[in-house]
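In what follows, a single structure is set out as structure tokens and then discussed.
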Amino acid sequence: MARINLIAWDNNRGLSHDIRLLRDALRELGHEVSFTPASAPRKRRWWQKLALRWSASRKAPRYDLNITLEHASPEHLPLARLNAFIPNPEWFSQRDRKQLARYDVVLTKTREATGIFQRLGVRTLPIGFHSTDCLQPARERQPTFLHLAGASRMKGTERLLATWRRHPEWPVLHVLQAPGVGPDVDLSAANIVHRREYVADIAEIRTLQNSHAFHLCLSETEGWGHYIVEALSCGAVVLTCDAPPMNELVTAARGVPVAATPDGPLNLAIRYLFDEVALEAAVERCRRMEQAEWEQLGAAARGWYVDNQQGFGARLDAALQQLL
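Numbering-wise (this note's numbering), the sequence shown opens with residue 110 and increments by one.
Shown next as structure tokens:
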């Protein structure tokens, strides 16, 4: 058993979700897990960092391993004997890059990230990641379309809505988007239900995820892709960009990849925009799809999810055994 310390900004969004999932996985492996909160990078004051670094350097390391998520936190490095970093390439800043050599290893969530950090010349161990199981097997699924935009600006929401509005013959698209994201206008149409609100009741989210057969998850880039993987966990047919790392999660054998083109770098990642003609063809295919086919694709999606969940602990354990 190792003493492992997780370090991250607890932002009450995706990063907080990562913290909980990683903590639980490490505890299942028998490790003692602590958490040290880090401030948002732009809120860190030089004198606070200096004081913390000075205090930590005067003591013997409390932990066997620090695992820092998303942004480098060099002031916390002395807390442990070894330091690992789990970055998200799309958020990896120049500040993070300056600190990268101080970490013993980078643990990567995707093959795309593995290649990126190997090219930077750092030791890299792939672990993948995992996501919450959202399946409600008793709920009847309908051949309808769902887009959970949330608070992200990188899910292709505006272009998706514009494409859908050009096709009044298409079935209803249900969109759930946080207020304050994108144009502050109601983009509903006869075949678009556009809800701009926070839904605090997770049971309502699970109902949405499990009652729609088709999920439009047109991410421009991802560090992992929880909302894609959660859709796969529900046995949904996922339409996503046929670009890395999204196409590591969704292939033609378990979903509907949509052609996409690069739209320039975003820190260490590349942003991709779905091709509108390709999306139209994909939606046409789905709306004509027989139930047996979408159920088969959904079963394959669920199968991949289960295999990934079962394999994550083993991959994480193998990486830790190489480190500790």
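C-beta atoms are modelled at their ideal positions from N, C-alpha and C, and glycine is treated no differently.
Skipping 5 residues on each side, what residues in its chain have a beta carbon closer than 8 Å to that of residue i?
| i | result |
| --- | --- |
| residue 160 | Since pLDDT at residue 160 reaches only 48, below the 50 mark, its modelled position is unreliable, and the value read off the structure follows with that caveat. For residue 160, where only same-chain residues beyond five positions count, there are no Cβ hits under 8 Å. |
| residue 302 | 281, 282, 283 and 284 |
| residue 124 | 117, 118, 178 and 179 |
| residue 373 | 379 and 380 |
| residue 231 | 209, 210, 212, 214 and 215 |
| residue 384 | 367, 368, 369 and 370 |
| residue 274 | 296, 298 and 301 |
| residue 311 | none |
Measuring CB to CB, does residue i end up less than 8 Å from residue j?
| i | j | result |
| --- | --- | --- |
| residue 343 | residue 244 | yes |
| residue 209 | residue 188 | no |
| residue 122 | residue 260 | yes |
| residue 219 | residue 354 | yes |
| residue 415 | residue 388 | no |
| residue 394 | residue 279 | no |
Between which residues of its own chain and residue i is the CB-CB distance below 6 Å, once the five residues before and five after are set aside?
| i | result |
| --- | --- |
| residue 207 | none |
| residue 143 | 114 |
| residue 222 | 198 |
| residue 318 | 243 and 343 |
| residue 427 | none |
| residue 135 | 113 and 142 |
Could you compute how far the alpha carbon of residue i sits from the alpha carbon of residue j?
| i | j | result |
| --- | --- | --- |
| residue 371 | residue 211 | 32 Å |
| residue 239 | residue 289 | 29 Å |
| residue 270 | residue 183 | 42 Å |
| residue 331 | residue 380 | 9 Å |
| residue 345 | residue 359 | 11 Å |
| residue 391 | residue 348 | 8 Å |
| residue 352 | residue 334 | 13 Å |
| residue 444 | residue 200 | Residue 444 is absent from the structure shown; the chain starts at 110 and stops at 433. |
| residue 268 | residue 419 | 36 Å |
| residue 429 | residue 204 | 26 Å |
| residue 398 | residue 411 | 19 Å |
| residue 146 | residue 256 | 32 Å |
| residue 461 | residue 401 | This structure gives no information on residue 461, because the portion of the chain shown stretches from 110 to 433. |
| residue 369 | residue 251 | 27 Å |
| residue 315 | residue 170 | 42 Å |
| residue 193 | residue 309 | 34 Å |
| residue 156 | residue 185 | With a pLDDT of 47 at residue 156, under the threshold of 50, the modelled position of that residue is not reliable, and the figure given next carries that caveat. Approximately 14 Å, taken between the alpha carbons. |
| residue 299 | residue 413 | 35 Å |
| residue 440 | residue 425 | No information on residue 440 is available, as it lies outside the stretch 110 to 433 that the chain covers here. |
| residue 304 | residue 291 | 13 Å |
| residue 148 | residue 196 | 16 Å |
| residue 258 | residue 173 | 39 Å |
| residue 431 | residue 294 | 52 Å |
| residue 56 | residue 120 | This structure cannot speak to residue 56, because the chain is shown only from 110 to 433. |
| residue 362 | residue 286 | 29 Å |
| residue 324 | residue 127 | 22 Å |
| residue 341 | residue 262 | 22 Å |
| residue 478 | residue 382 | Because the chain is modelled from 110 through 433, residue 478 falls outside the range shown and cannot be assessed. |
| residue 386 | residue 131 | 39 Å |
| residue 277 | residue 224 | 42 Å |
Just to confirm my understanding: we take residue i, look at its own chain, exclude 5 residues before and 5 after, and list those with CB closer than 7 Å. What are they?
| i | result |
| --- | --- |
| residue 140 | 110, 111 and 113 |
| residue 226 | 215, 217 and 233 |
| residue 133 | none |
| residue 153 | With a pLDDT of only 49 at residue 153, under 50, the local geometry of the prediction cannot be trusted, and no value is derived from it. |
| residue 403 | 252, 322 and 346 |
| residue 408 | 344 |
| residue 306 | 288 |
Can you give the beta carbon distance from residue i to residue j, rounded, assuming they're within the 8 Å contact cut?
| i | j | result |
| --- | --- | --- |
| residue 337 | residue 326 | 5 Å |
| residue 217 | residue 246 | So it is not a contact: roughly 32 Å between Cβ atoms. |
| residue 253 | residue 321 | 5 Å |
| residue 296 | residue 364 | With a Cβ gap of about 25 Å, residue 296 and residue 364 do not count as contacting. |
| residue 329 | residue 265 | 6 Å |
| residue 422 | residue 249 | So it is not a contact: roughly 32 Å between Cβ atoms. |
| residue 417 | residue 237 | 7 Å |
If we cut at 8 Å on Cβ distances, does residue i have a partner in chain D?
| i | result |
| --- | --- |
| residue 181 | No chain D is part of this structure, which consists of one protein chain only. |
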